[in-house]
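In our numbering, the protein residues as written are 268 to 555.
To start, the structure itself, in structure tokens.
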Amino acid sequence: MYLEVQVRPKYRIDTVIGKGAYGTVYKVTCRTTGKEYALKYHTQGVEDATVREISCLAALRGLPYVIDMHDCFVDNDKIYLPLSFVAHFSAQVASALSDMHIRNIVHRDLTPYNVLLTEDLTVKVADMGLSRHSSKWMSPTVITEPYRAPELFRSKRKSAEYTCAIDMWSLGVMIVDAMEGRVMFCGRNIRRVNMSTYQIITKTLCPQDHPSASSTPCYPDIIMPKVMQCELVRRIVFRLLNVRDTERLLARELSRRLFQLVYHPLQVPYILLLSLQRKQSSTHRRRR
268 MYLEVQVRPK YRIDTVIGKG AYGTVYKVTC RTTGKEYALK YHTQGVEDAT
318 VREISCLAAL RGLPYVIDMH DCFVDNDKIY LPLSFVAHFS AQVASALSDM
368 HIRNIVHRDL TPYNVLLTED LTVKVADMGL SRHSSKWMSP TVITEPYRAP
418 ELFRSKRKSA EYTCAIDMWS LGVMIVDAME GRVMFCGRNI RRVNMSTYQI
468 ITKTLCPQDH PSASSTPCYP DIIMPKVMQC ELVRRIVFRL LNVRDTERLL
518 ARELSRRLFQ LVYHPLQVPY ILLLSLQRKQ SSTHRRRR
């Protein structure tokens, strides 16, 4: 589908030159000029290695003895943010939450739809309609369900006791979603399993309470494989997605850890950044 929509209007795909672990290389011909090119199609989405390669090729463009990059496409149906982008954006969200939590304000509706980007890729946390000063008893029916902390599900009353830690849970889920390219705690996205969000949470993060969890689609290695491959990210995510709210990372500590992972996005070619921004904008419009 990607090749049909993005590539074929401009290039004729002639043949497969070779295949590797990260994708396929095609011989293509420009429909306008008749020139032949090699098209490298990355099947794993936009990963760190892809970003580094594009950045280097853009910097070396025009040199006589280095392969030249003539064009760049992004498949908006298969975007997986590379770790460096996830860290860059999440660190800014964590900084925003730190400023809010210091003032004893809980956001209570932190989702990807409420995190906006300026043209220079500065994060702006928005939609404070459910935000309030933290108090002992507050309504548990807050936050879009896939991003809702487990303590909110457990409450059967009209009011519940919780803290700013619910925002940290939401950010943890957002980080996993960005790494995996899908909403994690959503039954229809987990091999069509029909389970509630709370059931998915407990089976994924409390396997000791579910002896057969390792053979279910909720096992961490299955539900979030990209997160599990990176030790540093895995430690951060599991500190955020701790079912014990008192043991979750604080926003200021999370911000410090994430900034250590940042590969500054502005070093990446503008065409790639623009595609990522358009993807976010179109997702936000569809929701409304």
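Just so it is clear, CB atoms sit at the ideal spot from N, CA and C, and this is done for glycine as well.
Note that the structure is predicted; figures quoted are calculated from it, not measured.
Rounded to the nearest angstrom, the gap between the Cα atoms of residue 365 and residue 517 is 8 Å.
Counting other Cβ atoms within 10 Å of its Cβ, residue 369 stays below 16 and is therefore classed as exposed. For residue 518, no beta strand (DSSP E) encloses it; the enclosing alpha helix (DSSP H) starts and ends at 518–526. Rounded to whole angstroms, residue 397 and residue 309 show a C-alpha spacing of 40 Å. The beta carbons of residue 443 and residue 491 sit about 5 Å from each other, so the pair counts as a contact at 8 Å. DSSP places residue 280 outside any alpha helix (DSSP H); the residue lies instead in the beta strand (DSSP E), whose first and last residues are 278–286. DSSP places residue 493 in the uninterrupted alpha helix (DSSP H) bounded by 492–496. Approximately 16 Å separates the beta-carbon atoms of residue 395 and residue 414; this is outside 8 Å, ruling out the contact. Taken in chain order, the complete alpha helix (DSSP H) segments of 4 or more residues contained in the segment 335–394 are 350–369.
Residue burial is scored here from C-beta neighbours: residue 359 has at least 16 other C-beta atoms within 10 angstroms and is therefore classed as buried.
With fewer than 16 other CB atoms across the displayed protein chains lying within 10 angstroms of its CB, residue 276 is exposed. Distance from the CA atom of residue 431 to the CA atom of residue 323, rounded to whole angstroms, is 41 Å. For residue 432, there is no enclosing beta strand (DSSP E); the enclosing alpha helix (DSSP H) has its first and last residue at 432–447.
Proximity to residue 299 across 434, 279 and 287 peaks at 279, based on C-alpha coordinates.
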